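Read through the structure below, which is laid out as structure tokens, and then see the notes.
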Amino acid sequence: MEKRIVFGLRVCTWVWLLMLLLTTLTYAIGERGLSGLAISLGVLGIALLKGHLVGAWFMGLNQVRGLWRWPVTLWLLIPGGLIGTAFILAS
Amino acid sequence: MSVAIPSIHHETVERYPPGDLAVWIFILAELLVFALFFTAYAFARMQDVALFNEFQQYLDRRSAFINTLALITGSYFVVRAVAAIRDDDRRACVRWLLASLVMGVLFLVVKSVEYAHHYEQGVTMSTNTFYMFYLSLTFFHFMHVIMGMVILAAVAWKAQQGRYSAQQHTGVESGASYWHMVDLVWLILFPLVYVMH
Chain A
131 MEKRIVFGLR VCTWVWLLML LLTTLTYAIG ERGLSGLAIS LGVLGIALLK GHLVGAWFMG
191 LNQVRGLWRW PVTLWLLIPG GLIGTAFILA S
Chain B
263 MSVAIPSIHH ETVERYPPGD LAVWIFILAE LLVFALFFTA YAFARMQDVA LFNEFQQYLD
323 RRSAFINTLA LITGSYFVVR AVAAIRDDDR RACVRWLLAS LVMGVLFLVV KSVEYAHHYE
383 QGVTMSTNTF YMFYLSLTFF HFMHVIMGMV ILAAVAWKAQ QGRYSAQQHT GVESGASYWH
443 MVDLVWLILF PLVYVMH
């Protein structure tokens with residue numbers, strides 16, 4: 131995984147750059163004071179996507195077959211779903 | 263540990279994640295605790311949305327942003343360290359691990375300055391429910407960053423001693439997995455506590 135080159139850079143480097151970009155987007159949303167249910171769920175979605183990228187590409191779980199491929203994804207989806215539900219109920 | 267299974271795409275697919283399986287059990291236990299913490303925060307917020315929204319505005323979002331970049335970058339450096347040792351390049355592995363440790367130090371310094379600011383303002387866990395969650399969640403994570411740095415430092419020292427190679431580097435993968443877990447937790451903590459309202 132780490133050595134595969136796409137457009138002149140390793141895939142893990144692209145993933146890192148994408149996560150920096152998504153983090154900057156989250157920060158910009160916070161700095162602009164954007165709020166509301168849709169914004170909160172969007173920010174949560176970005177966080178879950180970043181978590182998936184860490185699990186799949188940094189932890190190397192996209193190279194794993196079977197049961198061990200899923201714990202991080204489940205960890206993201208179950209609390210993520212509960213957090214989303216709590217924000218929906220609070221709105 | 264690494265039981266390779268050839269896939270239909272001719273890439274190596276493993277049956278187990280990189281590193282020691284015991285470390286992964288530990289990582290999953292840690293993730294479970296943080297998941298409970300996050301869920302408790304979200305449902306506690308439901309009881310008093312106005313209070314959580316008000317006091318969230320007093321947090322230093324810029325510091326949290328810098329810390330997020332530091333942890334993501336530290337995680338990336340660790341990925342490069344694992345790639346280096348798989349290529350039997352021990353010197354590069356040590357360099358990437360030390361670079362990751364620098365990111366860890368940056369995180370600790372920025373977070374400590376943030377805590378000092380709260381301390382000056384007289385903020386404690388008893389101030390209100392929001393600060394109780396904020397301080398306990400972030401400090402619990404802070405301790406994990408320190409733990410991760412101790413592990414990475416030990417791995418770097420062993421790599422420097424020549425105790426890892428392209429054939430035997432489970433320790434590097436285990437340390438890397440723990441460090442990624444620390445990053446993973448912060449990726450949820452940052453938007454949840456500092457941004458979402």
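Sequences listed follow chains A and B, in order. Position one of the first sequence corresponds to residue 131 (my numbering), numbered consecutively onward. Position one of the second sequence corresponds to residue 263 (my numbering), numbered consecutively onward. All residues carry an ideal CB built from backbone N, CA and C; glycine is no exception. Keep in mind the model is a prediction, meaning the values are calculated, not measured.
- Message: Tell me the DSSP secondary structure of residue 385/B in three-state form.
- Response: coil
- Sufficient close CB pairs (3 or more, under 8 Å) joining the segment 158-171 of chain A to the segment 196-211 of chain A: no
- Message: So, at 7 Å on beta carbons, what are the nonlocal neighbours of residue 424/B in its own chain, with the 5 sequence-adjacent residues on each side left out?
- Response: 352
- Task: Look at residue 184/A and residue 293/B and say whether their C-beta atoms are less than 9 Å apart.
- Result: no
- Task: Indicate whether at least one CB of chain B lies closer than 9 Å to the CB of residue 137/A.
- Result: no
- Message: Could you check whether the Cβ of residue 203/A sits closer than 9 Å to any Cβ belonging to chain B?
- Response: no
- Listed by chain order, chain A residues near residue 338/B by CB distance under 7 Å: 142, 146
- Are the CB atoms of residue 381/B and residue 409/B nearer to each other than 9 Å? no
- Report the residue from 133/A, 158/A, 139/A whose alpha carbon sits nearest the alpha carbon of residue 327/B. 158/A
- Query: Closer than 7 Å, Cβ to any Cβ of chain A: which residues of the segment 279-290 of chain B, in chain order?
  - Reply: 279, 280, 290
- Message: For the ligand NAP, I want to know if residue 344/B counts as a neighbour, meaning its beta carbon is within less than 8 Å of at least one of the ligand's heavy atoms.
- Response: By its list of ligands, the structure shown contains no ligand whatsoever, and the ligand NAP lies outside what it can speak to.
- If I'm right that residue 365/B touches residue 401/B with Cβ under 8 Å, what's the distance once you round it to whole angstroms? Contact flag wrong, Cβ pair sits at about 19 Å.
- Task: Tell whether a beta-carbon distance below 9 Å holds between residue 330/B and residue 452/B.
- Result: yes
- Given a threshold of 16 other Cβ atoms within 10 Å of its Cβ, counted over all protein chains shown, does residue 449/B qualify as buried or as exposed? buried
- Message: With H, G and I counted as helix, E and B as strand and the rest as coil, what does DSSP make of residue 321/B?
- Response: coil
- What first and last residue would you give for the alpha helix (DSSP H) that runs through residue 457/B? Premise fails: residue 457/B is in no alpha helix (DSSP H) and is neither H nor E.
- Task: Kindly indicate which residue of 360/B, 337/B, 318/B, 346/B has the alpha-carbon position closest to the one of residue 390/B.
- Result: 318/B
- Residues of its chain near residue 428/B, where Cβ-Cβ distance is below 8 Å and the 5 sequence neighbours each way are ignored: 347, 348, 349, 350
- Look up residue 162/A in the DSSP assignment and say whether it is helix, strand or coil. coil
- Message: Based on DSSP bridge pairs, tell me the residues matched to residue 135/A.
- Response: 140/A
- Message: Rounded to whole angstroms, what is the Cα-Cα separation between residue 138/A and residue 442/B?
- Response: 25 Å
- Message: Judging by CA-CA distance, which residue of 178/A, 167/A, 186/A is the nearest neighbour of residue 280/B?
- Response: 186/A
- Task: With a 10 Å radius around its C-beta and 16 neighbouring C-beta atoms as the bar for buried, classify residue 435/B as buried or exposed.
- Result: buried
- Query: Assuming residue 216/A and residue 312/B make a contact with CB atoms under 8 Å, what is their CB distance in whole Å?
  - Reply: Rounded, the Cβ-Cβ distance is 15 Å, inconsistent with contact.
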